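Residues in the sequence shown are numbered from 193 upward in steps of one, following my numbering. The structure under discussion appears below in the form of structure tokens.
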Amino acid sequence: MNKSPLKGFVLGLLGPIFFIAAVVLWVRRFTGKVPFPVSKPSDGELTWRLVPPEQVSSLVDRWKKDMQVPLSKLQQGVADIRAQILGDTN
193 MNKSPLKGFV LGLLGPIFFI AAVVLWVRRF TGKVPFPVSK PSDGELTWRL
243 VPPEQVSSLV DRWKKDMQVP LSKLQQGVAD IRAQILGDTN
């Protein structure tokens, strides 16, 4: 089998991630700060600010706490679908 589609798929996934990482590193190198989403004023909006690298860990903790409820709902939904699929095949 030709591996070209697989390579394209992998590059399609990793390319944007590497691009964003390069932009963040470039901004950090020239400003000494890291771009980070700091607030969500309303649905569909996200505010980014340049923050000192020392502050990023506290902001990540805050985002993790804010995302616990939506992630738990998503995990529960996936578990329900999986139980239905596995329950129907047995």
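Positions of the beta carbon are idealized from the N, C-alpha and C atoms, including for glycine. Source: prediction; values computed, not measured.
Since TRP240 contacts PRO229 with CB under 8 Å, what's their CB separation in whole angstroms? Beta-carbon to beta-carbon, TRP240 and PRO229 are separated by about 5 Å, close enough to satisfy the 8 Å threshold.
How would you write the range of the beta strand (DSSP E) that LEU242 sits in, first residue to last? Where LEU242 is concerned, the enclosing beta strand (DSSP E) starts and stops at 239-243.
Where the alpha helix (DSSP H) containing PRO227 begins and where it ends: No alpha helix (DSSP H) holds PRO227; the beta strand (DSSP E) holding it covers 226-231.
What residue range is occupied by the uninterrupted alpha helix (DSSP H) comprising GLY236? Segment: none, GLY236 is in no alpha helix (DSSP H) and carries neither H nor E.
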